[in-house]
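Colleague: One structure, pasted below without further comment.
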Amino acid sequence: MTPVSALLIFVALILFVLAQLFLKHAMEDDLRSARFKKNFAIGLLTMTVSFFITLGLLQHFDLSYLYPFQGLSVVIISLLAAAILREKLTTRLFFGAALISAGVVLVSLS
Amino acid sequence: MIQKAKKLLLNPWFQLVLSVLFVTTSEVFLKRGAVEAPRLPDEVNWTGVSGLASPDVWYGILFVIASFISWLYVLRFIPLTIAFPLSNFVHVLVPLASWFFLNELISVQRWCGIAFVLLGVLIVAKPVARMEEKL
Chain A
4 MTPVSALLIF VALILFVLAQ LFLKHAMEDD LRSARFKKNF AIGLLTMTVS
54 FFITLGLLQH FDLSYLYPFQ GLSVVIISLL AAAILREKLT TRLFFGAALI
104 SAGVVLVSLS
Chain B
42 MIQKAKKLLL NPWFQLVLSV LFVTTSEVFL KRGAVEAPRL PDEVNWTGVS
92 GLASPDVWYG ILFVIASFIS WLYVLRFIPL TIAFPLSNFV HVLVPLASWF
142 FLNELISVQR WCGIAFVLLG VLIVAKPVAR MEEKL
């Protein structure tokens with residue numbers, strides 16, 4: 004794996020998580036409100052960009068190689084919650100994040 | 042018969058299973074389509090846009106949409122803190138499908154990595170789902 008493909012994997016992942024959050028907020032709003040339109044548009048855009056980056060990555064890597072990286076999305080969500088909501092990062096979260104990271108490293112070297 | 046099928050389709054737990062199967066199917070189609078499509082020169086190819094030339098990519102997109110619809114239905118009835126941990130079964134299904142349908146060779150090291158990821162995700166899934174609800 005080259006540094007460029009590693010970067011693309013992470014960008015696709017972060018955009019995917021952001022898309023989920025924006026789409027979730029859009030779904031909670033009135034369909035005609037300006038806020039729904041804004042959140043939905045941002046969600047759809049980030050989802051699309053993430054989709055095409057992933058499609059490009061699939062041209063170069065095995066699916067069984069790329070998919071485990073999705074596990075990192077829960078780590079990204081915890082970090083976002085810690086940064087934005089000041090949620091506490093518990094030992095349980097650290098332990099899980101360590102396992103996921105170790106797994107991703109093993110896969111990326113395989 | 043039709044009544045029974047309708048009842049099954051409206052069952053949120055059945056929809057949860059469907060959405061996981063749809064995600065797996067979409068990934069297999071997208072991988073197939075990405076490989077079939079003509080490749081552009083590497084400098085511009087990182088977007089994978091050329092994949093749209095393959096019908097398999099479009100089947101993949103249909104399954105992505107289907108998985109979204111199922112998932113949204115699931116979340117109307119099952120809390121995220123329960124649905125999300127269960128949905129992580131995809132981390133087993135996708136590698137199995139890669140091996141079975143795409144003939145990918147998965148080394149012992151890669152299976153170990155996948156097992157670590159799955160274990161880690163299962164450990165944090167519930168608290169993370171609670172955080173995601175607030176984000």
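Protein sequence lines correspond, in order, to chains A and B.
Numbered by the working numbering, the letters in the first sequence go through residues 4 to 113 in order.
Numbered by the working numbering, the letters in the second sequence go through residues 42 to 176 in order.
In this text, a Cβ means the ideal position worked out from N, Cα and C, and glycines have one as well.
Is ASN42(A) buried or exposed, if buried means 16 or more other CB atoms sit within 10 Å of its CB?
Modeller: Translated into positions along the first sequence, residue 42(A) becomes position 39. With 16 or more other Cβ atoms within 10 Å, it is buried.
Colleague: Taking 8 Å as the threshold (beta carbon to beta carbon), is ILE12(A) in contact with chain B?
Modeller: Counting from one through the first sequence, the residue named residue 12(A) turns up at place 9. For ILE12(A), the answer is no, since every Cβ of chain B falls outside 8 Å of its Cβ.
Colleague: Taking the Cβ atom as the reference point for each residue, do SER91(B) and ARG73(B) lie within a distance shorter than 8 Å?
Modeller: In the second sequence, the residue the question calls residue 91(B) occupies position 50. In the second sequence, the residue the question calls residue 73(B) occupies position 32. No.
Colleague: Quick one: which chain A residues come within Cβ less than 9 Å of TRP140(B)?
Modeller: In the second sequence, the residue the question calls residue 140(B) occupies position 99. Residues of chain A passing the Cβ test: SER67.
Colleague: If you compare alpha carbons, which of GLY106(A), SER113(A) and LEU83(A) is closest to LEU18(A)?
Modeller: Position 15 of the first sequence holds residue 18(A). Answer by Cα proximity: LEU83(A).
Colleague: For the stretch 86-106 of chain B, list every residue whose C-beta sits within 9 Å of some C-beta in chain A, in sequence order.
Modeller: Here the close residues are ASN86, TRP87, THR88, GLY89, VAL90, SER91, GLY92, LEU93, VAL98, GLY101, ILE102 and VAL105.
Colleague: Identify, in the order they occur along the chain, each residue of the same chain with its Cβ nearer than 6 Å to the Cβ of LYS48(B), setting aside the five sequence neighbours on each side.
Modeller: Residue numbering aside, residue 48(B) sits at position 7 when the second sequence is read from its first letter. None.
Colleague: Per DSSP, what kind of secondary structure is LYS78(B) in: helix, strand or coil?
Modeller: Residue 78(B) sits at position 37 when you count from the first residue of the second sequence. Checking the displayed sequence, the identity of residue 78(B) turns out to be Ala instead of Lys. Looking at ALA78(B) - three-state DSSP - the assignment turns out to be coil, as it is neither helix nor strand.
Colleague: Mind listing the chain A neighbours of ILE110(B)? Cutoff is C-beta to C-beta under 7 Å, in chain order.
Modeller: Counting from 1 along the second sequence, the entry for residue 110(B) is found at position 69. Those within 7 Å of ILE110(B) in chain A number zero; the least Cβ separation is about 12 Å.
Colleague: List the residues of chain B whose Cβ lies closer than 7 Å to the Cβ of GLU90(A), in chain order.
Modeller: Counted from its first residue, the first sequence places residue 90(A) at position 87. Neighbours of GLU90(A) on chain B, chain order: MET172.
Colleague: List the residues of chain B whose Cβ lies closer than 9 Å to the Cβ of THR51(A), in chain order.
Modeller: Locating residue 51(A) in the first sequence gives position 48, counting from the first residue. By Cβ distance, chain B contributes nothing, its closest Cβ being about 11 Å from THR51(A), past 9 Å.
Colleague: Can you have a look at TRP54(B) and say buried or exposed, based on whether 16 or more other CB atoms are within 10 angstroms of its CB?
Modeller: As a working mapping, residue 54(B) is identified with position 13 in the second sequence. Classification of TRP54(B): exposed, given that the 10 Å Cβ count is below 16.
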